[in-house]
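Residue numbers (our numbering): -14 to 684. All C-beta atoms in this analysis are idealised placements derived from N, C-alpha and C, irrespective of residue type, glycine included. Please read the structure below before turning to the comments.
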Amino acid sequence: MTADIGTISYATAAVAFLFLSLLLLTSWRGRLQGAMLTAACLISALWAAVVAYQVSQGRGYSLPGDLLEVLRGAAWLAFLVILLGFSRQAAALSSRGLRLMAAGVILLCILLIAAAVYPHVFSVAVNQAPNFLTGIAARVVLAVIGMVLVEQLFRNTRSDQRWGIKHVCIGLGGMFAYDFYLYSDAMLFKRIDGAIWEARGIINALIVPLVAVSAARNPKWSLEIFVSRRILFHSAALFGAGVYLLVMAAVGYYLRFFGGNWGTVLQVTFLFGAALLLIMLLFSGTLRARLRVFLSKHFFSYKYDYREEWLRFTRTLSEGEPGVRFYERSIQAIAELVESPGGALWLAQESGAFERAAHWNMPAANGIEQPGGPLCRFLEGRQWVVNLEEYAAQPDLYASLELPGWLRSIPKAWLVAPLVLHDRLIGFVVLARSRGQVHFNWEVSDLLKTAGRQAASYLAQVEAAKALLVARQFESFNRMSAFVVHDLKNLVSQLSLLLANAERHKDNPAFRQDMLGTIGHSVEKMKHLLLQLRAGGQSNEKPVPLPLDELLRRVIMAKSGAKHTPALEITSAGLYVLAHRERLERVIGHLIQNAIEATSSEGRVCVRLNAEDNCAIIEISDTGCGMSEQFIRDNLFKPFVSTKATGMGIGAYESREYIHQLGGRIEVTSCEAIGTIFRVIVRRHEAQAIAGYVSKEAL
């Protein structure tokens, strides 16, 4: 019976250490810590197996068992020394001290091996007192050194990192403490207690889960305790099904026992319904997907090194490559998380619509998404990352989402990541297909959503800084206006004084000469002021229905003295819009004037009026120098940015803002050295023109 207990005890330890060794071998990445841990587990498994075999054969101590026991202790000591050497907090132990400790452990193991080999080689009785006590004392010293190393490892590890090594310290500390107890008792009574020795196998098997937990928690050991996701999924499903069937069987038994005459009927009906429900649950794609995500989140190590990924993400956002704009850096930072080669960024504009703000290594797509569209509602409401490939295969997973046509047309588009700030969608990023064939799962989705929130905060800060800069520029403009008002006051004072003296000195030739000079100076001064303020005035009139064909004729007539007289083509006559006459004339006049100034003497400027659906479209085209796409996107409608030496950069900005107030928009298409087309799109008004408008303009 004693032999059976010892055999089972040590066989259990052998199986436990062998299983852990196999797990470690499948995930070893070549690091020293992992190699030493695997070696210690293999030697422990071999030692326990040899001892179990010896006990089953009724043998006592033998040379293989003694040697393997010494090697087992030496392997665990070496593992602890290596961990202690990698600890940065081991200030109390210098490198020289660690080398001396390692040398001492090696020397002790050599002595133990010699003590184990000597009796067998020279046929000396192992049980003789000198040899017995020498071997036992050496094993006690080995156990004491092991406990000291465990204590040093735990003490010299930072408190915030002890969660990763505390289990292995408890396990190995317990193992060495048990060995110390076993051999101290043997030294005291000059014999090894059989019960304590037999329990040693089970005690060693109990430390295996503790070592496994620390191996899985400590990434520096380069170990990942791996269990097949597919096996775990099916095992969990079978386990759940088994528990379900047990519960249903118990309920069925209860119904049969307490159901009286209906007991059997109720039991059969209930069990049949329970079986149908189980089959439905097992074939439920949603339930299987949720179970798979739950198991992946709670039973497997993460795919990403989040510290490294977040440092790289933040570094890309804050620094980036020289000459790369912030919008492109934002796309790059998010794309690198999933090894995507490119992407495009859509941001909410002042009008509320989402327009492309930048693209990085991806063909430009000019889609405009309205805030009330299906895509924006889905991204803001669900805050999900949309996998376009998954959507194409299983659109039901995304509820009522309907992708816009422009998004479908983007080649190699893969993911759409929302940029959410305070639960409000401020933009989204479209990423190209990953170069590394990254598998999209819950971890990738969570990482992209978190990165999107961080990028959204950065983008919001950039936009706030831009708005603050514009506000400061307007403040400067208002300050300039104060100086202009002061100059106008001086001019009015001069002219008032001149008028007051005119009656008295009008016959004096010298006075008339001075008067002409003063008036001429005032005129030049006012012209200069008008050039500064020509886009700054605001009209107090209310919007009224205006005939566009007559308004365009009036504006073009005012430009008849320019180097180009624009050609007018009216495709749809009788179009009206609800607007302020002076402001709309100023907007159209500004766009026409820009076209004239951008066109050479041999060029052509054309103004067209047509209708499309419920909108009126005013198209102003020229064959001038044109503009680059970057200038149109970044500078054309930015206030106080102008390519003219005397320009203030307010005209285009004011034009766009006023058209937005009318519920319309301005579209620009341009090609350098070829020309530009401005399209002013405003809503039509069905009412007739105000009485007398045409007649007044004709006068």
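* Determine the burial state of residue 584: buried for a count of at least 16 other Cβ atoms within 10 Å of its Cβ, exposed for fewer. => Locating residue 584 in the sequence shown gives position 599, counting from the first residue. Flag for residue 584 reads buried.
* Asked: What are the residues that DSSP puts in a beta bridge with residue 661?
  -> Numbered from its first residue, the sequence shown carries residue 661 at position 676. The partner list for residue 661 (beta bridge, DSSP) reads 607 and 655.
* residue -4 in three-state terms, based on DSSP -> As a position in the sequence shown, residue -4 is number 11, starting the count at 1. Helix, per DSSP.
* Burial state of residue 671, where buried means 16 or more other Cβ atoms lie within 10 Å -> Reading the sequence shown from its first residue, position 686 is the one you call residue 671. Exposed, since its Cβ has fewer than 16 Cβ neighbours within 10 Å.
* Asked: Would you call the region 634 to 645 and the region 567 to 577 touching, i.e. three or more CB-CB distances under 8 Å?
  -> yes
* **Per-residue DSSP class, three states only, for residue 589** => The sequence position of residue 589 within the sequence shown is 604, counting from 1. Residue 589: coil per DSSP, three-state reduction.
* Asked: What separation, rounded to the nearest whole angstrom, lies between the Cα atoms of residue 161 and residue 199?
  -> Here residue 161 refers to the residue found at position 176 of the sequence shown. Here residue 199 refers to the residue found at position 214 of the sequence shown. Each residue's Cα considered, the two are about 18 Å apart.
* Asked: Is residue 556 near residue 595, with beta carbons less than 7 Å apart?
  -> Here the question's residue 556 lines up with position 571 in the sequence shown. Here the question's residue 595 lines up with position 610 in the sequence shown. Yes, Cβ-Cβ distance for residue 556 and residue 595 is below 7 Å.
* Asked: Which whole-angstrom value is the C-beta distance of residue 343 and residue 393, which I expect to be below 8 Å?
  -> Here residue 343 is taken as the residue at index 358 of the sequence shown, counted from 1. Here residue 393 is taken as the residue at index 408 of the sequence shown, counted from 1. Incorrect: roughly 21 Å between the Cβ atoms, too far for contact.
* If residue 301 and residue 317 are in contact, beta carbons under 8 Å, what's the gap, nearest whole angstrom? -> On the sequence shown, position 316 is the one that residue 301 refers to. On the sequence shown, position 332 is the one that residue 317 refers to. Between residue 317 and residue 301 the Cβ distance is about 6 Å, and since that is below 8 Å, they are a contact.
* Where does residue 532 land, buried or exposed, given buried means 16+ other C-beta within 10 angstroms? -> Taking the sequence shown and counting its residues from 1, the one referred to as residue 532 is at position 547. Buried, since its Cβ has 16 or more Cβ neighbours within 10 Å.
* So is residue 411 buried or exposed if we call it buried at 16+ other beta carbons inside 10 Å? -> Here the question's residue 411 lines up with position 426 in the sequence shown. Buried is the call here.
* Asked: Got a sec? Which residues, its chain only, sit under 8 Å from residue 669 by beta carbon, not counting five neighbours each side?
  -> Walking along the sequence shown from the start, residue 669 turns up at place 684. Taken in chain order, the residues that qualify are 560, 561, 562, 596, 599, 600 and 601.
* Does the count of Cβ pairs from the region -7 to 6 and the region 29 to 43 closer than 8 Å reach three? -> yes
* Asked: Helix or strand or just coil, what does DSSP make of residue 5?
  -> For the purposes of this step, residue 5 is taken as the residue at position 20 of the sequence shown. Helix at residue 5.
* To do: Take the Cβ of residue 407 as the centre, count every other Cβ of all protein chains shown within 10 Å, and call the residue buried at 16 or more, exposed below.
  => Here residue 407 refers to the residue found at position 422 of the sequence shown. Answer is exposed; the Cβ neighbour count stays below 16.
* Cutoff 6 Å; reference residue 60; Cβ partners in own chain excluding five residues on either side -> As a position in the sequence shown, residue 60 is number 75, starting the count at 1. Contacts found: 24, 25 and 28.
* **Beta-bridge partners of residue 561, as assigned by DSSP** => Within the sequence shown, numbered from 1, the residue matching residue 561 stands at position 576. Residue 561 is bridged to 532.
* Sort out for me which residues DSSP pairs residue 393 with in a bridge. => What you label residue 393 is simply residue 408 of the sequence shown in a count that begins at 1. Answer is none; residue 393 lacks a bridge partner.
* Return yes when the Cβ of residue 593 is within less than 7 Å of the Cβ of residue 604, no when it is not. => Here residue 604 refers to the residue found at position 619 of the sequence shown. Here residue 593 refers to the residue found at position 608 of the sequence shown. Yes, the Cβ-Cβ distance between residue 604 and residue 593 is below 7 Å.
* If you count every other CB in all the chains shown that lies within 10 Å of the CB of residue -8, and 16 or more means buried, which is it? -> As a first step, residue -8 is located in the sequence shown; it is residue number 7 there, counting from the start. By the 10 Å Cβ count, residue -8 comes out buried.
* To do: Please list the segments of the alpha helix (DSSP H) lying wholly inside the region 166 to 209, counting only runs of 4 or more residues, in order along the chain.
  => 179 to 202
* What is the rounded straight-line gap between the Cα of residue 380 and the Cα of residue 582? -> As a working mapping, residue 380 is identified with position 395 in the sequence shown. As a working mapping, residue 582 is identified with position 597 in the sequence shown. Distance between the alpha carbons of residue 380 and residue 582: 52 Å.
* Asked: Do residue -2 and residue 259 have their CB atoms nearer than 7 Å?
  -> Looking up residue -2 in the sequence shown gives position 13. Looking up residue 259 in the sequence shown gives position 274. Not a contact, by the Cβ cut-off of 7 Å.
* To do: Go through its chain and collect everything with a Cβ distance to residue 178's Cβ below 8 Å, but skip five positions before and after it.
  => Numbered from its first residue, the sequence shown carries residue 178 at position 193. Excluding positions up to five away in sequence, the list reads 167, 170 and 171.
* **Supposed contact pair residue 386 and residue 363 - C-beta distance, whole angstroms, cut 8 Å** => Here residue 363 refers to the residue found at position 378 of the sequence shown. Here residue 386 refers to the residue found at position 401 of the sequence shown. Sure, about 5 Å apart at Cβ, within 8 Å.
* From the DSSP output, in three-state form, read off residue 429 for me. => Taking the sequence shown and counting its residues from 1, the one referred to as residue 429 is at position 444. Helix, per DSSP.
* To do: Give the DSSP-derived three-state secondary structure of residue 359 in the structure shown.
  => Reading the sequence shown from its first residue, position 374 is the one you call residue 359. Helix.
* **Proximal residues to residue 719 (C-beta, below 8 Å), its chain only, five neighbours per side dropped** => In the structure as shown, the chain starts at -14 and stops at 684, and residue 719 therefore has no counterpart that could be examined.
* Asked: Could you give the distance in angstroms between the alpha-carbon of residue 147 and the alpha-carbon of residue 69?
  -> Translated into positions along the sequence shown, residue 147 becomes position 162. Translated into positions along the sequence shown, residue 69 becomes position 84. Taking the straight line from one Cα to the other gives about 13 Å.
* **Those residues which DSSP pairs with residue 354 across a bridge** => What you label residue 354 is simply residue 369 of the sequence shown in a count that begins at 1. Answer by DSSP bridge pairing, in chain order: 339.
* To do: Please say whether residue 314 and residue 329 have beta carbons closer to each other than 7 Å?
  => Residue mapping note: residue 329 aligns to position 344 of the sequence shown, counting from 1. Residue mapping note: residue 314 aligns to position 329 of the sequence shown, counting from 1. No; because the gap between Cβ atoms is not below 7 Å, this pair is not in contact.
* Can you grab the Cα-Cα spacing for the pair residue 325 / residue 428, in whole Å? => Translated into positions along the sequence shown, residue 325 becomes position 340. Translated into positions along the sequence shown, residue 428 becomes position 443. Spanning the two alpha carbons is a distance of roughly 16 Å.
* Residues of its chain near residue 78, where Cβ-Cβ distance is below 8 Å and the 5 sequence neighbours each way are ignored -> Here residue 78 corresponds to residue number 93 of the sequence shown, with the count starting at 1. Annotation note: pLDDT 46 at residue 78 (below 50); position unreliable, coordinate value reported separately. Closer than 8 Å at the Cβ level, and outside the excluded window around residue 78, lie 69, 86, 137 and 141.
* Asked: How long is the line joining the alpha carbons of residue 144 and residue 51, rounded to whole angstroms?
  -> Taking the sequence shown and counting its residues from 1, the one referred to as residue 144 is at position 159. Taking the sequence shown and counting its residues from 1, the one referred to as residue 51 is at position 66. Taking the straight line from one Cα to the other gives about 38 Å.
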